[in-house]
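Asks: Mind having a look at this structure? Questions to follow.
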Amino acid sequence: MHLEVKDFFNLYWKKNHIRWFDRYYDFLEIINKDVFDKLSSFEKKRILAVGLGDTQDIYYFNILEGEVISIDISFDGLKGLKKFQRVQMDANEMGFKKGSFDVVFLRTVMLHLDHKKVLLEIKRILHKGGRLFWIEPLQDNIFLWMYRFIISPGKFTKIDYLTYKDILSFGLLFRSFWHREYFFFTVLLIPLYIFFPHARRFVQTLQRLEMRIIDRVTWLRRLCWISYGYGEI
Numbered sequence: 010m011h012l013e014v015k016d017f018f019n020l021y022w023k024k025n026h027i028r029w030f031d032r033y034y035d036f037l038e039i040i041n042k043d044v045f046d047k048l049s050s051f052e053k054k055r056i057l058a059v060g061l062g063d064t065q066d067i068y069y070f071n072i073l074e075g076e077v078i079s080i081d082i083s084f085d086g087l088k089g090l091k092k093f094q095r096v097q098m099d100a101n102e103m104g105f106k107k108g109s110f111d112v113v114f115l116r117t118v119m120l121h122l123d124h125k126k127v128l129l130e131i132k133r134i135l136h137k138g139g140r141l142f143w144i145e146p147l148q149d150n151i152f153l154w155m156y157r158f159i160i161s162p163g164k165f166t167k168i169d170y171l172t173y174k175d176i177l178s179f180g181l182l183f184r185s186f187w188h189r190e191y192f193f194f195t196v197l198l199i200p201l202y203i204f205f206p207h208a209r210r211f212v213q214t215l216q217r218l219e220m221r222i223i224d225r226v227t228w229l230r231r232l233c234w235i236s237y238g239y240g241e242i
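Per this note's numbering, residue 10 is the first one in the sequence shown, and the count goes up by one each step.
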């Protein structure tokens with residue numbers, strides 16, 4: 010039985026033991042550093058964080074000097090965000106005026122939303138020159154099927170992962186956009202990274218090597234785990 014998205018996240022934010030994302034967050038360090046370096050150039054701007062929740066992203070947003078507004082479909086997902094303006098809201102139908110934001114940030118959110126609806130909403134609420142930043146899991150990594158269908162708490166709700174083709178279609182909505190795909194075979198090293206901290210430098214070396222391969226063998230991009238990028242209105 011699948012839970013509605015709101016019901017799923019009401020449960021998700023209350024049950025720490027099912028929040029695996031908190032454990033592999035640092036595995037994405039190569040992405041995290043880059044995105045927050047770029048976000049820092051938007052200091053003193055108006056930033057919308059969608060589905061931020063009680064995650065390690067809070068640390069980075071806390072040190073930005075801009076106005077951060079966080080929305081979540083679940084009230085429980087907003088409880089830990091006391092420094093920010095908090096609004097319980099469905100990202101598919103946001104109640105903000107046109108051109109309200111300089112930046113919108115999404116991480117592991119699109120899979121729970123109507124892709125077309127939320128992208129059109131984001132385009133509407135960004136003013137000219139505003140940017141969407143995304144860090145989103147993709148559908149077709151062959152090494153993740155067991156985790157997704159047996160272990161992942163996401164199996165208890167409806168999931169619609171983005172595909173590489175979907176990422177390319179973002180270019181139709183934005184004046185300019187950039188993206189890069191990460192983690193093909195190195196997803197197999199996530200348990201090593203989590204449970205053996207002394208091995209992290211070795212894993213990061215393999216990640217960098219893998220990225221060189223992915224950047225050259227372009228068909229591998231559609232089989233990667235994560236797409237990170239940004240689009241400008």
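Glycine is no exception: its CB is placed at the ideal position from the N, C-alpha and C atoms.
I'd like the list of long-range same chain contacts for Asn101, defined as Cβ closer than 8 Å, with 5 residues on each side in sequence excluded.
Replies: Leu122, Asp123, Lys126, Val127, Glu130
Asks: Tell me the rounded alpha-carbon separation between Met220 and Leu232.
Replies: Whole-angstrom Cα-Cα distance: 13 Å.
Asks: Smallest Cα separation from Leu37: which of Tyr239, Glu241, Ile242, Trp234?
Replies: Trp234
Asks: What whole-angstrom Cβ distance do Gly108 and Phe183 have, given they're in contact under 8 Å?
Replies: Not confirmed; about 15 Å, so no contact.
Asks: Can you tell me whether Pro146 is buried or exposed, with buried defined as 16 or more other CB within 10 angstroms of its CB?
Replies: buried
Asks: Name the DSSP bridge partner or partners of Asp111?
Replies: Note: Asp111 sits in no beta bridge, so no partner.
Asks: Relative to the C-alpha of Glu190, which candidate in Ile144, Leu215, Ile203 has its C-alpha closest?
Replies: Nearest option by C-alpha distance: Ile144.
Asks: What residue from Gly104, Asn41, Asp85, Ser161 has the CA that sits closest to Tyr69's CA?
Replies: Residue Asn41 holds the alpha-carbon nearest to the alpha-carbon of Tyr69 among Gly104, Asn41, Asp85, Ser161.
Asks: For a test of the three-state rule: what should DSSP assign to Glu241, helix, strand or coil?
Replies: strand
Asks: Counting pairs of Cβ atoms below 8 Å between the stretch 41-61 and the stretch 110-117, do you hit three or more?
Replies: yes
Asks: From Leu20 to Leu87, what does the alpha carbon distance come to, in whole angstroms?
Replies: 13 Å
Asks: If we call anything under 9 Å between Cβ atoms a contact, is Gly89 one with Gly62?
Replies: yes
Asks: Run through DSSP, which three-state label would Glu13 get?
Replies: coil
Asks: Along the alpha helix (DSSP H) that carries Val130, what are the first and last residues, could you check?
Replies: Before going further, note that residue 130 is Glu rather than Val in the sequence given. Looking at the DSSP string, the run of the alpha helix (DSSP H) that includes Glu130 is 124-134.
Asks: Please report how far the alpha carbon of Phe194 lies from the alpha carbon of Leu215, in whole angstroms.
Replies: 10 Å
Asks: Who does Trp143 pair with in a DSSP beta bridge?
Replies: Leu115, Gly238
Asks: Helix, strand or coil for Gln249 per DSSP?
Replies: Not covered by the structure: residue 249. The range shown for the chain is 10 to 242.
Asks: Report the rounded CA-to-CA distance for Ile56 versus Glu74, giving the unit in angstroms.
Replies: 10 Å
Asks: Alpha carbon to alpha carbon, what distance is there between Arg225 and Gln94?
Replies: 42 Å
Asks: Give the DSSP-derived three-state secondary structure of Asp63 in the structure shown.
Replies: coil
Asks: For Glu76, which three-state DSSP category applies?
Replies: The answer is strand: DSSP assigns Glu76 an E or B state.
Asks: Does Arg210 pass the burial test, meaning 16 or more other C-beta atoms within 10 Å, or should it be called exposed?
Replies: exposed
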